[in-house]
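>
In full-length UniProt numbering, the protein residues as written are 1 to 340.
#1: Is residue 62 helix, strand or coil by DSSP?
#2: So the candidates are 213, 314, 191, 29; which of them puts its Cα closest to the Cα of residue 327?
#3: Determine whether the beta carbon atoms of residue 282 and residue 325 lie at a separation below 9 Å.
#4: Are the region 158–171 and the region 238–246 in contact at 8 Å, needing three or more beta carbon pairs?
#5: Give the secondary structure of residue 253 by DSSP, where H, G and I count as helix, E and B as strand, and everything else as coil.
#6: Distance, Cα to Cα, residue 259 vs residue 100?
#7: Which same chain residues end up closer than 7 Å to residue 49 when comparing Cβ atoms and leaving out the 5 residues on each side of it in sequence?
#8: From which residue to which residue does the beta strand (DSSP E) around residue 41 run?
#9: Which residue wins for smallest C-alpha separation from residue 219, given the options 312, 130, 75?
#10: So, is residue 24 buried or exposed, given that buried needs 16 or more other C-beta atoms within 10 angstroms?
#11: When you compare only the Cα positions, how much space is there between residue 33 and residue 26?
#12: Given a threshold of 16 other Cβ atoms within 10 Å of its Cβ, counted over all protein chains shown, does residue 6 qualify as buried or as exposed?
#13: Since I believe residue 119 is in contact with residue 131 (beta carbons under 8 Å), could you give me their beta-carbon distance rounded to a whole number of angstroms?
#14: Grouping DSSP H, G and I as helix and E and B as strand, with all else coil, what is residue 89?
#15: Do the region 275–290 and the region 213–227 touch if we need at least three Cβ pairs shorter than 8 Å?
#16: Rounding to the nearest angstrom, what Cα-Cα distance links residue 255 and residue 212 in this structure?
#17: Using the Cα positions of residue 61 and residue 53, report the straight-line distance between them to the nearest angstrom.
#18: So residue 291 packs on residue 304, CB below 8 Å; how close in whole Å?
#19: Do you know offhand how far residue 261's Cα is from residue 200's?
#20: For residue 310, count the other beta carbons within 10 Å of its own beta carbon; 16 or more makes it buried, fewer makes it exposed. Which is it?
#21: Three or more C-beta pairs under 8 Å: does that hold for the region 202–210 against the region 294–301?
#22: In chain order, what residues of the same chain have a beta carbon less than 6 Å from the beta carbon of residue 59, not counting five sequence neighbours either side?
#23: Using the Cα positions of residue 67 and residue 41, report the straight-line distance between them to the nearest angstrom.
#24: List, from N- to C-terminal side, the beta strand (DSSP E) runs of 3 residues or more that fit wholly inside the region 71–154.
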C-alpha cells in the first residue's frame, strides 16, 4: 500500500517549493519522488482547516499516511501586531484540527511548520531548539507565536499519551517563488520585491519601512523544501529542528533592499521610513543540529548546501516579474487562511 503524503497549505510558498524539488530532483533519490509515494498538495479552497468537520472530510478524501502541515494564518510584522487575537485563535484551531484528525485517522507521521518567533524575546543568542519555552515571545508576534508554541506542546503530549510520531520544523525567514507579495501584510522580502517593482514601473521612490538596520537569516524556499522532505523521511524524534542558514549568515534589511534594487536595475530614489517599527533587531538561530543530522543520516556524509542569498533573491525577483499577473499580490483579508 503506498504512502500518501498530504501537504496542507500545499499551494503556498513552501508547498510549491516541495512540489518543485520532488519533480526536479532525480527520482528515488534523497529529495526526489520515490516509488510507493503519492503526494497530495491541498489548498485552502478544499477545506477550511479552522473547521473540524471540514478537516475530517479532507482526511477522509485522501486518507493520508503522512502529513506535512504548512497551512496557517500568516502575515508580516504589521499584520501580527494588528490582529493578535485572530492570529492566536485561528492558528490554534487549524493546528488542533490537523493534529487531532491525524491522531484519530492513524496518520503515521506529522511534520508541522513553526517559526522562530516562538522563541522568547531577549533570550541569549543563538536560538536553539531547547530554548523555545524559556520565556514569553516578542510582543509584536504575541498571538501567532503562542499558537505555534502550542504545536510543540501538543506534539509532546501526543507522543507521551499515544506514542504519536509528531514533530516540527522551525524555519527562519523564508523567501522564494510562489510567495505572497501583498504590499501590506506580506513578509519583508516579497513585500519589498513588489514595492520595488511598482516604484520602477511608476517612476516613484522605493520606500522601505524602518531603518534597514535589523538583521535576519533568510532561507530560500527550495532549500527549505529539501529539509522538509528529509525530515519526513529520515527524522523520527518529537523534538523540533531549526531550519536555517548559519547564525553568522544573517543580512540587514538594508542589504536586502540593495540586492532587490540591483536585481531590478532600479535607478530611482530609495527611502527608509524611520517612523515604522523595526521589530526585533536580531535573533540568530543555530542550524548545528540540522547540519549534523543531515550528515549523519546520509550514506556518504553528504553535507547540506544552501543557495547563496544573492542568487536566491535574484531568482525570486525574476519569478515575480515573469509571473506578476498570476502572483499572490492582493491584500490578505482579516481572518483569511493562507499558506506558509
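Where a beta carbon is used, it is the ideal one built from N, C-alpha and C, also for glycine.
Bear in mind the structure is a predicted one, so any value in this text is a computation, not a measurement.
According to the structure data:
#1: In this structure, residue 62 counts as helix in the three-state DSSP scheme.
#2: The closest CA to that of residue 327, considering only 213, 314, 191, 29, is found on 191.
#3: Going by C-beta atoms, residue 282 is not nearer than 9 Å to residue 325.
#4: Using a C-beta cut-off of 8 Å, the region 158–171 makes contact with the region 238–246, since at least three inter-stretch Cβ pairs fall below that distance.
#5: Residue state, collapsed to three classes: helix.
#6: Rounded to the nearest angstrom, the two C-alpha atoms are 43 Å apart.
#7: Correct list, in chain order: 8, 55, 71, 94, 97, 98, 337.
#8: Annotation: the continuous beta strand (DSSP E) that includes residue 41 extends over 37–41.
#9: Among 312, 130, 75, the Cα nearest to that of residue 219 is on 312.
#10: Exposure of residue 24 is indicated by the presence of fewer than 16 other C-beta atoms within 10 angstroms of its C-beta.
#11: Roughly 8 Å between the two C-alpha positions.
#12: Counting every other CB atom within 10 Å of its CB across the protein chains shown gives residue 6 a total of 16 or more, marking it as buried.
#13: Cβ atoms of residue 131 and residue 119 come within 8 Å of each other, at about 6 Å.
#14: Note: residue 89 maps to helix in three-state DSSP.
#15: Three or more Cβ pairs closer than 8 Å define a contact, and the region 275–290 meets that threshold against the region 213–227.
#16: Counting only the Cα atoms, residue 212 lies some 8 Å from residue 255.
#17: Taken atom to atom, the span from the alpha-carbon of residue 61 to that of residue 53 is near 12 Å.
#18: Their Cβ separation, rounded to whole angstroms, is 6 Å, which keeps residue 291 and residue 304 in contact under 8 Å.
#19: Going from the Cα of residue 261 to the Cα of residue 200 covers about 9 Å.
#20: Exposed, because fewer than 16 other Cβ atoms sit within 10 Å of the Cβ of residue 310.
#21: Contact between the region 202–210 and the region 294–301 is absent, because fewer than three Cβ pairs lie under 8 Å.
#22: Excluding residues up to 5 positions away in sequence, 101, 105 lie with their Cβ nearer than 6 Å to the Cβ of residue 59 in the same chain.
#23: Between residue 67 and residue 41, the C-alpha separation is close to 10 Å.
#24: Contiguous beta strand (DSSP E) elements confined to the region 71–154 occur at 109–113, taking only those with 3 or more residues.
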